[in-house]
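Trainee: Structure provided below as structure tokens; questions to follow.
Numbering (the numbering used here), first residue to last: 1357 to 1466.
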């Protein structure tokens, strides 16, 4: 069953990794307060990506709905990370991974 979700699972896991990296890197920046929303959203995005990959891998009957939610959260995270991407490479990479994951999740869910 999970074979039909293979690409989406992989994108969710890639996004999870980039979000975790961005989260950790943001916490080490000088102006952490300016990055508070980025930190919050990368945590939330990593969590939903992990859950979406898990749900798809076990063939959850709710995989479509979870992937739609995942795409929405990834999109919000990408928008926030893009605000900081000119100063922080980790935010740029995170935004790119989030956009790609959102696109693949939406395609899978349609």
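Think of the CB as a built atom: it goes at the ideal place given N, C-alpha and C, for glycine as much as any other residue.
It should be emphasised that the depicted structure is a prediction, and the values quoted were computed from it without experimental measurement.
Going by other Cβ atoms of all chains shown within 10 Å of its Cβ, with 16 needed for buried, is residue 1460 buried or exposed?
Mentor: Burial call: buried.
Trainee: One question on the structure: do residue 1426 and residue 1405 come within less than 8 Å of each other, judged by their Cβ atoms?
Mentor: For residue 1426 and residue 1405, yes; Cβs fall inside 8 Å.
Trainee: Identify whether residue 1418 lies in helix, strand or coil by the three-state DSSP scheme.
Mentor: Residue state, collapsed to three classes: coil.
Trainee: Any idea what DSSP makes of residue 1370, helix, strand or coil?
Mentor: Three-state result, residue 1370: helix.
Trainee: Put residue 1446 into one of helix, strand or coil per three-state DSSP.
Mentor: The answer is helix: DSSP assigns residue 1446 an H, G or I state.
Trainee: Nearest-angstrom Cα distance between residue 1442 and residue 1412?
Mentor: Answer to the nearest angstrom: the Cα atoms are 34 Å apart.
Trainee: Using 10 angstroms around the beta-carbon of residue 1359, count the other beta-carbons present and answer buried if the total reaches 16, otherwise exposed.
Mentor: By the 10 Å Cβ count, residue 1359 comes out exposed.
Trainee: Can you give me the Cβ contacts of residue 1449 inside the same chain, cut-off strictly under 8 Å, excluding the 5 residues immediately before and after it?
Mentor: Excluding residues within five positions, the ones whose Cβ falls inside 8 Å are 1374, 1377 and 1378.
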